[in-house]
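Colleague: Take this structure, written in structure tokens, and hold onto it; I'll ask about it next.
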Amino acid sequence: MCGIVGAIGANDFTPFLLAGLKTLEYRGYDSAGLAVLDASGALCRVRAKGRVSELQARVAQLGISGAVGIAHTRWATHGIPAEHNAHPHVSGGLAVVHNGIIENYEALRGQLQALGYVFSSDTDTETIAHLLRACLCEDATALGFAGPAPDLFTAVRRAVLFLQGAYALAVMREEEPDCLVVAREGSPLMLGLGERGHFAASDASALVSVTRRMIYLENGDVARLRGTGVELVDRQGQAVVREVVQSTLSADAVELGDYRHFMQKEIFEQPQALGNTLEMIGGAARLQPGIFGVEASEIFAQVEAVLILACGTSSYAGQVARYWIEAVAGLPCTVEIASEYRYRHSVPNPQQLVVVISQSGETADTLAALHHAKAQGHAYTLSICNVPESAMVRATRLRFITRAGPEIGVASTKAFTAQLAALFLLTLSLAKVQGRLSLETEQTFLAELRHLPVAVENVLALEPQIKRWSQRFASKQHALFLGRGHHYPIALEGALKLKEISYIHAEGYPAGELKHGPLALVDAQMPVIVVAPNDALLDKLKANMQEVHARGGELYVFADGGTGVVQSDGVNVLRLPEHYGLLSPVLHVVALQLLAYHVALVKGTDVDKPRNLAKSVTVE
Ligand code: AGP
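Count along the sequence shown from 1, then add 12; that gives the number in our numbering.
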């Protein structure tokens, strides 16, 4: 949520800053801005409402350049998307960009206004700009310091003592043209060590064009970057040396290539993402629970239950896993929406394995739910995450990194199916360690997992038919998605995909629940999408479809072979290539992703950057 890029060196870094913002735009896209110190040493700031392309046009028009600069793309939290709320925010000769939320900004704003500082935005970030300026002048005494901070580095270290909440900051100052200062608490921030200068960004993808050598800042860290080097202090103000990591992120992974949208690219990358995620089982005859961490076998043997915490699509992956874990591993499993769990008075069970699922590993609610669980005495924690360096991965004892590659489209697709693959491996590992998995069953499931990429490929081949269906949705205002058993969460996910990118109001229901209320909505204008695998609940599902048909609802059925669901008036059937047992949700969801994608295309929405949303929700 929001993106930061910063650079210092000897070259003009304006093109790099703009390119970095373009790469990070998926994290927030309602306004953007940058500040550089120009050749005369003056601070130049340019901001624009809307996309980075608007900013680019303004920068080109003004002919701005500079070898020191910071830039930001915004997802509005405090204050509407507007130029005056866009970052950087300035005070005196300094400029600040910020990701996260300063929770006590109102109190700070009042304090600074009393000292005479005038605010020109509605943001929490402007508070930081004025606070830094106050730390650097005589006002420092009113803040409790003996005198003004001697430099920006010291001022930032002082200012962060006042800030409550989450932040990643990058700051520059006219009077100190040879440095940039950055700080991190809660929101991700990394440094890039390059040949031609030093860099900072909230996401590695913005840096790979200039360097692969990166330092991931820890919470509480403050760093000063110069063209010639970086220095770092930790929360205690002690100089620290952090590991320099060689990023393996490929530049192609964040490029669109021949695809029209990242979502389309990511839907079609699923066979590869699944193959990569499942690579560690390779051709092995037996599953090694150690893929979840060195302590996995020991911990899995102790656990009596599983508690899954996640948000959005990741929580639906958790809901599918609940069916698997209870059916295969015989362990009670609950799934909680992280933003509810963290504020609920729950009864902790230390013998529970707490599993957090997150594509980004930085979702604020999931991270807070994990910390809440730990504070309640949960010692067995596991993260399933797509970003190895993320805060979530670092905060759990066990971890499994899905290898879906960077997901740029706001609508999660390949990360979801990779999470399902990881959760199926978890199910089997738990069952195995708990003595509930026969050798024969283990080998059957491993073979099915290995075939999964090919099975997904076969579903992707259905695109032309799904595309034809999508035309019929363009005029619809609402849609219902039905599923039963472990396909009920797939109905929920199908509805979420459709609503977030096509803006059609969609709801997912367990099919058996229809007659308890939602059936009242069904008429000729209501498309009802049915996930129809050939499983034990098929006859029940068919009865639910009859309930819709009898009331004039238009059915769109994604049916496995052998289900006997046939095309008729008001019943549209799309045949899935094969029934896939417990892993069938992975196939059905791919068909629903394609449906949402093509409906959005017909509706002409911004598929990768749907209105009001952003990737990685790093605020509560
Ligand atoms: C999915 O399409 C969403 N945009 C959203 O629900 C997402 O899954 C949710 O915000 C959780 O994100 P995470 O997996 O990065 O934690």
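No residue lacks a Cβ here, since even glycine has one placed at the ideal position from N, Cα and C.
Measuring from the CB of Gly324, is there a heavy atom of the ligand AGP at a distance below 8 Å?
Modeller: Checking the Cβ of Gly324 against the ligand AGP gives yes.
Colleague: Could you tell me which residues DSSP pairs with Phe493 in its beta bridges?
Modeller: Answer is Gly520 and Ile541, bridged to Phe493.
Colleague: Could you tell me which residues DSSP puts in a beta bridge with Thr85?
Modeller: DSSP output for Thr85 lists Gly15 and Ala44 as bridge partner(s).
Colleague: Which first and last residues belong to the alpha helix (DSSP H) in which Lys554 is found?
Modeller: Leu550 to His561 is the extent of the alpha helix (DSSP H) around Lys554.
Colleague: By the 10 Å Cβ neighbour count, where 16 or more other Cβ atoms means buried, how is Thr35 classified, buried or exposed?
Modeller: Result: buried.
Colleague: Assess contact between the segment 489 to 506 and the segment 518 to 531, defined as three or more Cβ pairs (one per stretch) separated by less than 8 Å. Is contact present?
Modeller: As far as the Cβ criterion goes, the segment 489 to 506 touches the segment 518 to 531, which means the pair count is three or higher.
Colleague: For Ala459, does the count of other Cβ atoms within 10 angstroms reach 16, so buried, or fall short, so exposed?
Modeller: So Ala459 ends up on the exposed side.
Colleague: Inspect the CB distances between the segment 602 to 614 and the segment 401 to 416 and report whether three or more fall short of 8 Å.
Modeller: No contact exists between the segment 602 to 614 and the segment 401 to 416.
Colleague: Quick test of the definition: if touching needs 3 or more C-beta pairs under 8 Å, does the segment 21 to 40 touch the segment 81 to 99?
Modeller: Flag = yes, the segment 21 to 40 and the segment 81 to 99 touch.
Colleague: Give the secondary structure of Val598 by DSSP, where H, G and I count as helix, E and B as strand, and everything else as coil.
Modeller: Helix, per DSSP.
Colleague: For Asp246 and Ala195, I'd like the C-alpha separation in whole angstroms.
Modeller: Their Cα atoms are separated by approximately 10 Å.
Colleague: Using a 10 Å radius around the Cβ and a threshold of 16 neighbouring Cβ atoms, would you call Tyr355 buried or exposed?
Modeller: So Tyr355 ends up on the exposed side.
Colleague: Apart from the five residues just before and just after Glu186, which ones in its own chain have a Cβ nearer than 6 Å to its Cβ?
Modeller: Cβ within range, chain order: Leu55 and Gly105.
Colleague: Pick out whichever of Pro93, His101, Val17 and Gly21 has its Cα sitting closest to the Cα of Val58.
Modeller: It is His101 whose Cα lies nearest to the Cα of Val58.
Colleague: Check whether the Cβ of Gln363 lies closer than 8 Å to any heavy atom of the ligand AGP, and answer yes or no.
Modeller: Incorrect: Gln363 has no Cβ contact closer than 8 Å to the ligand AGP.
Colleague: Since Leu290 and Ala433 should fall inside the 8 Å C-beta cutoff, what is the C-beta to C-beta distance between them, to a whole number of angstroms?
Modeller: Yes, they are in contact, since the Cβ atoms of Leu290 and Ala433 sit about 6 Å apart, within 8 Å.
Colleague: Rounded to whole angstroms, how far is the Cβ of Ile516 from the Cβ of Ala603, which I believe are closer than 8 Å?
Modeller: Not confirmed; about 17 Å, so no contact.
Colleague: Taking 8 Å as the cut-off, is the beta-carbon of Val629 closer than that to any non-hydrogen atom of the ligand AGP?
Modeller: Yes.
Colleague: Go through its chain and collect everything with a Cβ distance to Gly389's Cβ below 7 Å, but skip five positions before and after it.
Modeller: Around Gly389: Pro360 and Pro362.
Colleague: From this set, Leu595, Glu559, His463 and Ala507, which residue's C-alpha is nearest Gln284's C-alpha?
Modeller: Comparing Cα positions, the closest option is His463.
Colleague: What are the residues that DSSP puts in a beta bridge with Thr393?
Modeller: For Thr393, which the question treats as bridged, DSSP gives the partners Val366.
Colleague: Is Ile513 near Phe274, with beta carbons less than 9 Å apart?
Modeller: Their beta carbons are not under 9 Å apart, which means Ile513 does not touch Phe274 by this criterion.
Colleague: Judging by CA-CA distance, which residue of Asp50, His600 and Leu586 is the nearest neighbour of Arg480?
Modeller: Per the Cα distances, Leu586.
Colleague: Can you grab the Cα-Cα spacing for the pair Cys345 / Val366, in whole Å?
Modeller: Their Cα atoms are separated by approximately 10 Å.
Colleague: Kindly identify the DSSP beta-bridge partner or partners of Gln258.
Modeller: Its beta-bridge partners are Arg225.
Colleague: Could you say if the segment 304 to 317 and the segment 441 to 455 meet the contact criterion of at least three C-beta pairs nearer than 8 Å?
Modeller: Yes, they touch.
Colleague: Alpha carbon to alpha carbon, how far is Val17 from Glu566?
Modeller: Going by the C-alpha atoms only, they are around 49 Å apart.
Colleague: Based on DSSP bridge pairs, tell me the residues matched to Cys56.
Modeller: Answer is Val48, bridged to Cys56.
Colleague: Under the criterion of a Cβ to heavy atom distance below 8 Å, does Glu374 qualify as lining the ligand AGP?
Modeller: At least one heavy atom of the ligand AGP is nearer than 8 Å to the Cβ of Glu374, so yes.
Colleague: For Val315 and Leu595, I'd like the C-alpha separation in whole angstroms.
Modeller: About 24 Å.
Colleague: Could you please give me the residues that DSSP links to Lys61 through a beta bridge?
Modeller: Per DSSP, Ser43.
Colleague: Whole-angstrom Cβ separation of Ser221 and Ala31, contact assumed at under 8 Å?
Modeller: So it is a contact: roughly 7 Å between Cβ atoms.
Colleague: Could you check whether Gly15 and Ser259 sit closer than 9 Å to each other, using their CB atoms as the reference points?
Modeller: It is not a contact, given that the beta carbons lie outside the stated cut-off.
Colleague: Return helix, strand or coil for Ala296, following the three-state DSSP convention.
Modeller: Reduced to three states, the DSSP call for Ala296 is coil.
Colleague: What are the boundary residues of the alpha helix (DSSP H) that Asn288 is part of?
Modeller: Note, Asn288: alpha helix (DSSP H), Gln282 to Thr289.
Colleague: Check Leu526 in the structure and name its three-state DSSP category.
Modeller: Of the three classes helix, strand and coil, the one that applies to Leu526 here is helix, per DSSP.
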